[in-house]
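FYI, in mature numbering (1 follows the signal peptide of the UniProt record, and there is no 0) the residues of the sequence shown are -35 to -1, 1 to 683. Note that beta-carbon positions come from the ideal geometry of N, C-alpha and C, so glycine has one too. Bear in mind the structure is a predicted one, so any value in this text is a computation, not a measurement.
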Amino acid sequence: MHSIFPLFPRLPGLARRRTAILAVTGALLCPASQAAPVMPGNYTLFKNANIVDMENGSSVPRAGQVLVRNGDILAIDTDAGMASWLREHQIDQVSNTIDLNGDILMPGFIEPHAHLAVMTQMKQITDISPCWPAKFETRQTYTGTAPNSSALCPLYINDAVKMVYADKSSRKGKWIVGNGIDPSRMTTVQGGTQQQTMDFINAPAAYFARNFKDDGSAPLFLLDQSGHIAYVNQLALQTALAANCSSKEQCPGVSAKQITSSRYQPTDTSALYAYACTKTPDVCNYTGRLLEPGAYTAFIAAMQQAMPKTQILLNETPDQFVLAAMPLANAAARAGITTFVNGGALSMNEVANLKALLTYTWKDPKRKTLRAPLRAVTLLAWNATDDSNTQQQSSVLIGMGRDIWAHAGQRFGIQGVKLWADGSTQGCSAALTKPYDQNGLCGDAKQGHINYQTDEIVNNLRPFWDQGWYVNVHTNGDHAIQNTMAAISKLGASCATSTAGACTKMHTLIHFTVDGNGSAPGQSVPPEVKRLMDIRSKNIDLSASFLIGHVAYWGAAFQTILDGVPKEDQNSASDAQGRAAQLDAARSLHDNKIPFSLHSDGPVSPTVPLWLAEQAVTRQTWVYPNLGTAGKSQAITMPGQQGISFHDALRAITVVPARQHQLFNRIGSIKAGKKADFVRLARQDYEAALLDPSKISAIKVIGTYLDGAPVDYFPTAQ
């Protein structure tokens, strides 16, 4: 049999003008005289497909067919080639045929880093995250009343607070709880000043007392959009930290030396109860700003203690979690995701909940057993706890490893370890080498907040590395990036000569957001990219994964936060030499052959891979609150020339994340021998996006397939 054919079917539209030959795997295609009958099995033929296999350097679709046997890809060829292949292998009839009617067939999208458990848990409280740009938003802008707060989004801090007070359905006992407030993008009120926003950031308890006097009778807890910061009122401090706070004037009312001690700070040393001090007398009190999740523990415990038994918050049973998570899993599948990576389970309870969701089965009317609409793997936090909040030994966590392919029918795996090296750039807590710009919102934060120094990272990750686990480290600021790269260099000191264990795995810097002091004139490669190149030269396969929403939703804000560009000047996006210009430096990584993926970090940004692809290509951002309308974008393009091609953006949601999570031998491209996990896209939309990348987000996802079969959505109303 011939592996290529002179008569290649012509594609309609844009693709008609391009010539391509569909690659065929030689190991499966052989002359008729040598062909043997294929083993019996469950066969499915995808026909009339325009295939983007991600196995070569082109994103131009090629007409052809894909044959699947028992969930694995068996052959890929043109129409004529597939007919010949079937004859040679004595397959007279294929039991199941799926006609794609010319639509695009791609490998299923992979979400390489999001937090499914947190996404589910945040649905239990009021969503006060600011509106997305108009082209991405489905909620209505809050205008002062909240008859249905779940369908609304605020533009200003005070409106977000009003929304959470109005939503009595989401209260936890007497506690008022909201998620998603974001002072990096929101002013306090329409026309509010930067100083007013800084007053909220630096002293939220005092801000709530001044501006919401009538609502101070209930403890208030608002989680920042980043998840790394929370803002609480004075009553919340006095309730959760009662042992430290005798009154609002003495909370705790101790010296500068005392307030940094373990007596007055969280048990988790990476966390902090922010405080402010007076010099005469030497008295320090909490401000109501909490840094890192370890600082939330006492507050969550106080909420849970105050809640009636009918309510849940981070203490759900697996059955309760499954019901709450089903709509989110369905939404991810409808966005084209076939594999979801949970970016670090913090507890045994979280692992149990995820397993319950992914192994859940139900019966259709014909009594056929149905399963989850996607696969998932979860990494484990290096310091994951048991149900009593006791940190588990690394040996216990390593023993929990679970090969997803050994349990393919259950679609759930446990692999990899996660550590958080710093906080959030937009939350003023990323660890930077050069301070936040003094003229920006985070000027008082100086160089941010470091969670762990280099040797601490080494010590925390060493047990996992020595057992061959791959590592993911959350790194936003360049100080955290440098610490982490130094730690991984120490961990991988033997990789120059070793071809075993962790040295054979790809490791990932999650976010890799801020690159040094900006790109000086004549400096073609940003400094952290240079350091990453150096590590890779030592046979350590270190990659990056970008929360590309940093560009789309926070890009303009970062110009102020990092570089001091006045907000009124942001429409020009003129500071090409600033740190924000090198934000999520995808082009620099591409040009230097460093693999990178794109992730949502859900619930930080929407878990929609095609949105991420568009944002990486166009590098468009918005200056809040000017988010455009259906007919006018109001987007600006970030400086720095870090945009990438459509094809490379597609690789960053298929091929590369599959490699990063040790899954590429089975998923990530359409190739014989791999799992038949596909996404089907509308051909006309796809061709339009090839011509205009601002239309990538508008490509319609028609459906997804796991093991060659259309997915079954969980039985919910959504």
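Counting of Cβ neighbours within 10 angstroms places Lys470 among the buried residues, the total reaching 16 or more.
Look at Cys210 here: in three-state DSSP terms it is coil, with no helix or strand label. Three or more beta-carbon pairs separated by less than 8 Å link the stretch 24 to 32 to the stretch 41 to 55, which places the two stretches in contact.
Membership of Ser510 in the beta strand (DSSP E) is indicated by the continuous run 507 to 512. Rounded to whole angstroms, the separation of the alpha carbons of Leu384 and Gln190 is 20 Å. CA-CA distance, Ser394 to Gly6, rounds to 55 Å. Within a 10 Å sphere around the beta-carbon of Lys640 sit 16 or more other beta-carbons, which makes this residue buried. Excluding its 5 nearest sequence neighbours in each direction, Lys665 has C-beta neighbours in its own chain below 8 Å: Leu646, Ala647, Asp650, listed in chain order.
The residues Asp124, Lys127, in chain order, have a CB closer than 8 Å to that of Gly109 in the same chain once the five nearest residues on each side in sequence are set aside. Around the beta-carbon of Lys320, 16 or more other beta-carbon atoms lie within 10 Å, marking it buried. Nearest to Thr586 by alpha-carbon distance, out of Met603, Met71, Thr572, is Met603.
For Thr669, the three-state secondary structure derived from DSSP is strand. In the same chain as Arg496, and ignoring 5 residues on each side of it, the C-beta atoms closer than 6 Å to its own belong to Met450, in chain order. In this structure, DSSP gives Gln161 a helical state, which the three-state scheme calls helix. Rounded to whole angstroms, the Cβ separation of Leu406 and Ile609 is 29 Å, and the two are not in contact under 8 Å. Its Cα nearest to that of Gln356, the residue Ala310 stands out among Lys328, Leu335, Trp370, Ala310. Ser570 sits away from Val494, with the two beta carbons spaced by 8 Å or more. In this structure, the CA atom of Trp434 is about 44 Å from the CA atom of Pro590. When the beta-carbon positions are compared, Gly520 and Ala541 stay at least 8 Å from each other. Annotated as distal: Asp431 and Gly413, with beta-carbon spacing of 8 Å or more. When the Cα atoms are used, Gly668 and Ala296 turn out to be separated by approximately 11 Å. Val621 is positioned such that its CB atom lies no closer than 8 Å to that of Ser659. With a threshold of 16 other beta carbon atoms within 10 Å, Arg228 falls short and is exposed. For Leu188 and Ala195, the gap between their C-alpha atoms comes out near 4 Å. Taken through DSSP and simplified to helix, strand or coil, Asn504 comes out as coil.
In this structure, the straight-line span from the alpha carbon of Tyr678 to that of Ala337 is close to 7 Å. For Asp650, the enclosing alpha helix (DSSP H) has its first and last residue at 648 to 656. Per DSSP, the beta bridge partners of His476 are Thr440. Counting other Cβ atoms within 10 Å of its Cβ, Glu214 stays below 16 and is therefore classed as exposed.
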